[in-house]
Every structure is written in structure tokens, then in C-alpha cells.
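Comments concern the structure below.
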Amino acid sequence: MRLSEFIVHNVDRIVDEWEQFAETITPAAESMNSLALRDHAKEILLAASRDMNTAQTASEQQAKAEGEGPETSPALDEAAASHGELRHTVGFDLVQMTSEFRHLRACVIRLWVASIDTPALSHMQDMIRFNEAIDQALAESTAAYAEQVSRSRDIFLAILGHDLRAPLQAVSMSTEMLERKARLDADAQTYVRAIKTGARHMGAMVNDLLEFVRSRLGSSLPIEPKAMDLALACQVALDEACAGQPDCAPTLHVEGDVQGHWDPRRLGQMLQNLIGNALQHGARRGKVTLTLSGDGDEVTLRVHNLGQPIAEDAIATLFDPLVRSPSEDISQPGTSTSLGLGLFIIKEVVDAHQGRIDVISTEAEGTTFTVVLPRNVKAV
Numbered sequence: 033m034r035l036s037e038f039i040v041h042n043v044d045r046i047v048d049e050w051e052q053f054a055e056t057i058t059p060a061a062e063s064m065n066s067l068a069l070r071d072h073a074k075e076i077l078l079a080a081s082r083d084m085n086t087a088q089t090a091s092e093q094q095a096k097a098e099g100e101g102p103e104t105s106p107a108l109d110e111a112a113a114s115h116g117e118l119r120h121t122v123g124f125d126l127v128q129m130t131s132e133f134r135h136l137r138a139c140v141i142r143l144w145v146a147s148i149d150t151p152a153l154s155h156m157q158d159m160i161r162f163n164e165a166i167d168q169a170l171a172e173s174t175a176a177y178a179e180q181v182s183r184s185r186d187i188f189l190a191i192l193g194h195d196l197r198a199p200l201q202a203v204s205m206s207t208e209m210l211e212r213k214a215r216l217d218a219d220a221q222t223y224v225r226a227i228k229t230g231a232r233h234m235g236a237m238v239n240d241l242l243e244f245v246r247s248r249l250g251s252s253l254p255i256e257p258k259a260m261d262l263a264l265a266c267q268v269a270l271d272e273a274c275a276g277q278p279d280c281a282p283t284l285h286v287e288g289d290v291q292g293h294w295d296p297r298r299l300g301q302m303l304q305n306l307i308g309n310a311l312q313h314g315a316r317r318g319k320v321t322l323t324l325s326g327d328g329d330e331v332t333l334r335v336h337n338l339g340q341p342i343a344e345d346a347i348a349t350l351f352d353p354l355v356r357s358p359s360e361d362i363s364q365p366g367t368s369t370s371l372g373l374g375l376f377i378i379k380e381v382v383d384a385h386q387g388r389i390d391v392i393s394t395e396a397e398g399t400t401f402t403v404v405l406p407r408n409v410k411a412v
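Positions in the sequence shown are counted from 1; adding 32 to them yields our numbering.
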């Protein structure tokens, strides 16, 4: 009997063995009934059997083995993906879930080989096709499981970021009340200022974290454009970034009309991260230069600093989330976040304003981030 036919005739027996094995995966299996343990096993097996009976050329087989072939078995993919999602939901870890497929493969081959009297070349082909189908199902289940893990992590981070806002606000309000109502000596005032600065930096980190999670969960960055002067926003951001840093020596050059319709809060967030990045990675006591120029329907911002250039192989992933430069020192002044989200947030803000961003970094010329924004942006 060919393997595909054997699977169809013995599917219930195979699924029984699947269930018996799944029942040993504790502690998750301890609270699962028979239906949950069996899950999509029957659908996966029957879809694998149909896939094995589908005509396949040598080139198609090679492409499938490399994961590049056309989608020929959507039912198998769907059943396997659903299995991966549900196994994550009930508490299986990834190793436990993949062990089910290892057991399934071994069970089917063991039972089928025991039923064969005289092995033939066609049986070898059947085994190849069966292994292809199981590998495909395993890949789909693993991908779906990993996606659920990623989503769960993002939701956890969103809850964490949201819940951190309240205690941070309490710290900020308490320092404000201390300054207004208590008589503080010089040392105490220094401590209060340090607390305020720390709370402000933590608030920026929480905001960056929430923006990152929002984008990961599939929500675009919302903006509320208003008429604003970008030069004024740059000056405010420079003053705030350099507060308490005696060595900070920024300059701002403005050319032409730099007014437009943008989201003031989002651009403030972008400017703080750009300036903080330049201060952090710039040469000590070096200058940070902001240049604004308005031309037609666009306004261009350039942020320049001298110092160690960005490695050429790092530029490709510079705006990726949770990626930090190997040379990054979070103890240096001007660090807006230690999560590796600053440049990611900058890119998100620029994209939300339908703009573009570029970076050029050389040892001789320093590093320049260039942001080009349409002058009038619509809300999204």
C-alpha cells in the first residue's frame, strides 16, 4: 500500500498515538481534553496525503525543498499554522510543539514500514514526499508559533509602558511640589533637579517603547498636524537637550521659510532623538549643528556632528528597532533612550509625515542626518 493511501486508512490510529504522546507534554497537557490534544493532527495528516498525490517535477521538488516553490497545499499550511497558534495559546513551548511533529513522522513511518511485505522504489519516493509535507507543516507551525510569541511580547511591553506612566507622573509632580512648597538648600535642589532629569529621560524611554509596540502591532503612527515654526521647535529641543550640559555647544542655522503643518509633539520627539544621538556620539566638546532650509513645498533639516563615523555595514540596519551601536555608551550625556529605539522612532515620525531621511557618515566630514518633510502634511 502506498504511503498516502496508508495514512488515509489509518488516520484515526495515528491520531490516537499523537494524542497519547501530546498527553505526556506537561504541564500544558494536564489541563487539556482529548479534542485539544488532538488539535489539527487529522487535518495535517489528510492534507499531507493529498499533497503527496500531487504531481511534482524534479525542479518543483528542489524548489519546495528550498522553501521557494509555489503554494501547492494551502490546506496543509492553514492546518499547521492554526496548530502552531493554538499550541502557543495553551502553553506549549516551541521545543514541545516541534517534538509532536518528530513523533508524528516516526509514528507514521514505523506503522507503514511494518505493513510493507516487499519494499519497492516507489516506497522511497513516498517517504521523500511525506518528509517534505511534514517539514512544510513544521515550518508553518513554527512560523505561526513565533508570530504569536512576538505578539505576546509586544502586548506585554505595551502594558508595561502604559503602566509605567502613572508612577513616572507621580515622581514628576512630587518634584514640582517640592520645588514650590518646600524650602530646599542648594544640595537638595541639586537632588531634585537630578530626579526631574531622570524622570524626563525615563518618560522619553517609555514613549519610545510605546511607539515601537504600536508599530509592531500593526498600527501606523498617528499624527495631528498643526501650523508650526520648525525653527522654534528646533531651538526648544536644543535648549532641553543641552540643559545641565556645560560642554554642549549647538548651533542653529535657518534659511528661508521653515513654517508648515506638522505634528508638534511628534516632531519634538524626533528632534530630541536626533539631537540626543548627535550629542551622544559626537566628539567630546564638539559642536552639534542644525541647519534648516525651506524651499518650495519642502523643508529640510540637517543634524551634523563630528566624531567616530558610523560603520558602513551598520548603516543598513541603523533605523531597525532594538539595534544599538557597539560603541554606544548609555552613561554619556544626551542619551535619550537605552533601548535602541531612538533612530527607529525618528524613522517612524518621518514616515508618518510622508517625508524621507538619509544619513552620511565619514571620518573626515562627520555624520549628517538629513530629514526632508513636505511643508503641509495631512492627518493620518
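We put the CB at the ideal spot given by N, CA and C, even for glycine.
Identify, in the order they occur along the chain, each residue of the same chain with its Cβ nearer than 6 Å to the Cβ of residue i, setting aside the five sequence neighbours on each side.
i	result
Ser-173	Ala-112, His-115 and Gly-116
His-313	Gly-339
Leu-14	Since the displayed the chain opens at 33 and closes at 412, residue 14 lies outside it and no answer follows.
Thr-394	Pro-341
Gly-326	Gly-288, Asp-289 and Val-290
Gln-180	Glu-117 and His-120
Phe-124	Ala-60
Arg-137	Ile-166
Leu-253	Glu-380 and Ala-384
Helix, strand or coil for residue i per DSSP?
i	result
Asn-337	strand
Phe-244	helix
Val-290	coil
Ser-105	coil
Pro-296	helix
Glu-37	helix
His-213	According to the sequence shown, residue 213 is Lys rather than His. Lys-213 falls in the helix class under three-state DSSP.
Ile-389	strand
Lys-258	strand
Leu-350	coil
Gly-230	helix
Thr-222	helix
Asp-167	helix
Gly-308	helix
Phe-162	helix
Phe-53	helix
Ile-46	helix
Asp-186	helix
Gln-88	coil
Using C-beta distances below 8 Å, list every residue in its chain close to residue i, excluding the 5 sequence neighbours before and after it, in chain order.
i	result
Gln-304	Ala-236, Ala-269, Glu-272, Ala-273 and Ser-368
Ala-259	Gln-291, Gly-292 and His-293
His-285	Thr-321, Leu-322, Thr-323 and Leu-324
Met-159	Leu-35 and Ile-141
Taking only the alpha-carbon atoms, compute the straight-line gap between residue i and residue j and give it to the nearest angstrom.
i	j	result
Ala-73	Thr-89	28 Å
Pro-151	Met-33	10 Å
His-135	Gln-128	11 Å
Ile-166	Ala-80	7 Å
Arg-18	Asp-240	As shown, the chain starts at 33 and ends at 412. That puts residue 18 outside it, with no answer to give.
Val-403	Arg-297	17 Å
Thr-229	Ala-176	42 Å
Ser-147	His-155	12 Å
Val-47	Val-203	58 Å
Thr-283	Lys-319	7 Å
Asn-309	Leu-118	42 Å
Thr-399	Met-209	42 Å
Asp-217	Ile-227	15 Å
Cys-266	Phe-401	14 Å
Asp-352	Ile-378	11 Å
Gln-386	Ala-348	20 Å
Arg-334	Ala-346	20 Å
Ala-220	Cys-280	25 Å
Val-40	Gly-374	55 Å
Arg-215	Ser-206	14 Å
Glu-164	Pro-106	14 Å
Ile-392	Ala-343	11 Å
Ala-384	Leu-405	10 Å
Met-302	Glu-110	41 Å
Leu-299	Pro-257	10 Å
Any heavy atom of the ligand SAH closer than 7 Å to the beta-carbon of residue i?
i	result
Phe-188	Only the bare structure without any ligand can be found here, which leaves the ligand SAH out of the picture.
Would you mind giving the Cβ-Cβ distance between residue i and residue j, rounded to the nearest angstrom? I have them listed as a contact below 8 Å.
i	j	result
Arg-407	Asp-329	5 Å
Val-224	Leu-189	With a Cβ gap of about 30 Å, Val-224 and Leu-189 do not count as contacting.
Val-382	Ile-255	Actually they do not touch by this definition, with Cβ atoms about 11 Å apart.
Glu-51	Leu-78	Not quite, the Cβ-Cβ distance comes to about 16 Å (not below 8 Å), so this is no contact.
Ala-426	Leu-108	Examination of residue 426 is not possible in this model, given that the chain is present from 33 through 412 alone.
Ser-247	Glu-380	6 Å
Less than 7 Å between C-beta atoms, sequence neighbours within five positions excluded: which residues of the same chain meet that for residue i?
i	result
Val-234	According to the sequence displayed, residue 234 carries Met and not Val. Result list for Met-234: Leu-200, in chain order.
Asn-85	Ser-36
Val-122	Ala-60, Met-64 and Ala-68
Val-238	Gly-193, Leu-196, Arg-197 and Leu-200
What does DSSP give as the partner residue(s) for residue i in the beta ladder?
i	result
Thr-332	Ser-325 and Val-404
Val-320	Pro-282 and Asn-337
Gly-398	Thr-394
For residue i, decide whether its Cβ has a neighbour in chain C, counting only Cβ atoms nearer than 8 Å.
i	result
Met-159	Within the model displayed, chain C is absent; a lone protein chain is all it includes.
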